[in-house]
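Below is the structure:
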């Protein structure tokens, strides 16, 4: 019997499809009780992805919607792009790109093969989508992608988590240098950074991106910026000026408004935060268990 089969539980109070991953975490797909046809992937009690199968253009999670806005602006509306996603989850953004930019070429790198199989069974990918899935560690696979991709990628999304934390080896200057090698002249990297009080980790990540890329901008909830709560900071970076004239208005009009930080405000945010190297890299800070954890039956 496969690990996936052993991990499945049905019936009783825990009536959700699930799989136990190689790292021991349990992944569960829960139906969204407020939105028919939508589901949340929960890993180790932490919501990882939300997918609306009937409307993949709908992005529920705040930080995913903010990355989606950036993707919307990277090329003319509807134009196909080339995208690489480091971290798969339930493939929310690959589905979004396939729906909003048909014929886009996409590569998704995901460490957990059992998770990929589980998600594809429970939440099938659109048949017409050109999404190739590669199994393995994000940094290892990044270094082994086909040479033809180098210099051609429009968007690299970095959303790598082990449970609720980003592993240290995908936070360094050396890592982002590998990412930069994939990008086209106008290509962008979009990184999801989770942090809490003081935002020390986020400040160092902004410093690190600024050491590799000429142009950097952050999108963040003002309450997170004021260190009033744990949350996500979306970071965009590119060798070319970011095409984000419309981004402040887009993120300000979201259900949870956010602001764009760049220029002098970004430099003030970074202040004296150190650039992260392979020698100094650490995993992102863990949130309190009460912040992102899903109570049993919460989606029922």
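In my numbering, the protein residues as written are 169 to 468. Backbone N, C-alpha and C define an ideal beta-carbon position, used for all residues, glycine too. Quantities reported herein were computed from a predicted structural model and do not represent experimental measurements.
{"Check": "What first and last residue would you give for the alpha helix (DSSP H) that runs through residue 128?", "Outcome": "Nothing in the structure corresponds to residue 128, since the chain is present only between 169 and 468."}
{"Check": "Name the residue from 188, 203, 235, 205 whose alpha carbon lies nearest to the alpha carbon of residue 213.", "Outcome": "188"}
{"Check": "Considering only C-alpha positions, which residue in the set 451, 393, 446, 398 is nearest to residue 436?", "Outcome": "393"}
{"Check": "By the 10 Å Cβ neighbour count, where 16 or more other Cβ atoms means buried, how is residue 405 classified, buried or exposed?", "Outcome": "buried"}
{"Check": "Which of the three DSSP states, helix, strand or coil, is assigned to residue 454?", "Outcome": "coil"}
{"Check": "Note the first and the last residue of the continuous alpha helix (DSSP H) segment covering residue 351.", "Outcome": "Premise fails: residue 351 lies in the beta strand (DSSP E), 351-363, not in any alpha helix (DSSP H)."}
{"Check": "Cα separation between residue 245 and residue 268?", "Outcome": "8 Å"}
{"Check": "Using CA coordinates, which residue listed in 248, 451, 331, 339 is at the minimum distance from residue 375?", "Outcome": "339"}
{"Check": "Give the secondary structure of residue 439 by DSSP, where H, G and I count as helix, E and B as strand, and everything else as coil.", "Outcome": "coil"}
{"Check": "In the structure shown, what three-state DSSP assignment does residue 381 receive?", "Outcome": "coil"}
{"Check": "How many Å lie between residue 276 and residue 283 at the Cα?", "Outcome": "13 Å"}
{"Check": "Taking only the alpha-carbon atoms, compute the straight-line gap between residue 412 and residue 236 and give it to the nearest angstrom.", "Outcome": "12 Å"}
{"Check": "Is the CB-CB distance between residue 225 and residue 250 below 7 Å?", "Outcome": "no"}
{"Check": "Mind checking which residues open and close the beta strand (DSSP E) that includes residue 195?", "Outcome": "194-199"}
{"Check": "Where does residue 285 sit, in a helix, a strand or coil, going by DSSP?", "Outcome": "helix"}
{"Check": "Just how far apart, CA to CA, sit residue 305 and residue 204?", "Outcome": "34 Å"}
{"Check": "Only counting the same chain, and skipping five residues up and downstream in sequence, which positions put a Cβ closer than 6 Å to that of residue 169?", "Outcome": "With a pLDDT of 26 at residue 169, under the threshold of 50, the modelled position of that residue is not reliable, and no figure is offered here."}
{"Check": "Buried or exposed: residue 271, going by 16 or more other Cβ atoms within 10 Å of its Cβ?", "Outcome": "exposed"}
{"Check": "I'd like to know if the stretch 421-429 and the stretch 380-398 are in contact, where contact means that at least 3 CB-CB pairs between them fall below 8 Å.", "Outcome": "yes"}
{"Check": "Check this for me: beta carbons of residue 300 and residue 309, under 7 Å apart or not?", "Outcome": "no"}
{"Check": "Helix, strand or coil: which one does DSSP assign to residue 274?", "Outcome": "strand"}
{"Check": "Give the straight-line distance between the Cα atoms of residue 441 and residue 184, rounded to the nearest whole angstrom.", "Outcome": "43 Å"}
{"Check": "By alpha-carbon positions, which one of 291, 323, 253 ends up nearest to residue 243?", "Outcome": "323"}
{"Check": "Specify the secondary structure class of residue 209 as computed by DSSP and reduced to three states.", "Outcome": "strand"}
{"Check": "Just verifying my parser: in three-state terms, what is the DSSP assignment at residue 366?", "Outcome": "coil"}
{"Check": "What residue range does the alpha helix (DSSP H) around residue 303 cover?", "Outcome": "Note, residue 303: premise wrong, no alpha helix (DSSP H); beta strand (DSSP E) at 298-303."}
{"Check": "Taking the alpha carbon of residue 265 as the reference point, which residue from 233, 285, 287, 280 has its own alpha carbon closest?", "Outcome": "233"}
{"Check": "What is the DSSP secondary structure of residue 218, counted as helix, strand or coil?", "Outcome": "strand"}
{"Check": "Can you tell which of 328, 410, 386, 422 has its C-alpha closest to the C-alpha of residue 451?", "Outcome": "328"}
{"Check": "Any chance you could list the alpha helix (DSSP H) runs of at least 4 consecutive residues sitting entirely within the stretch 368-427, in chain order?", "Outcome": "368-380, 390-393, 415-420"}
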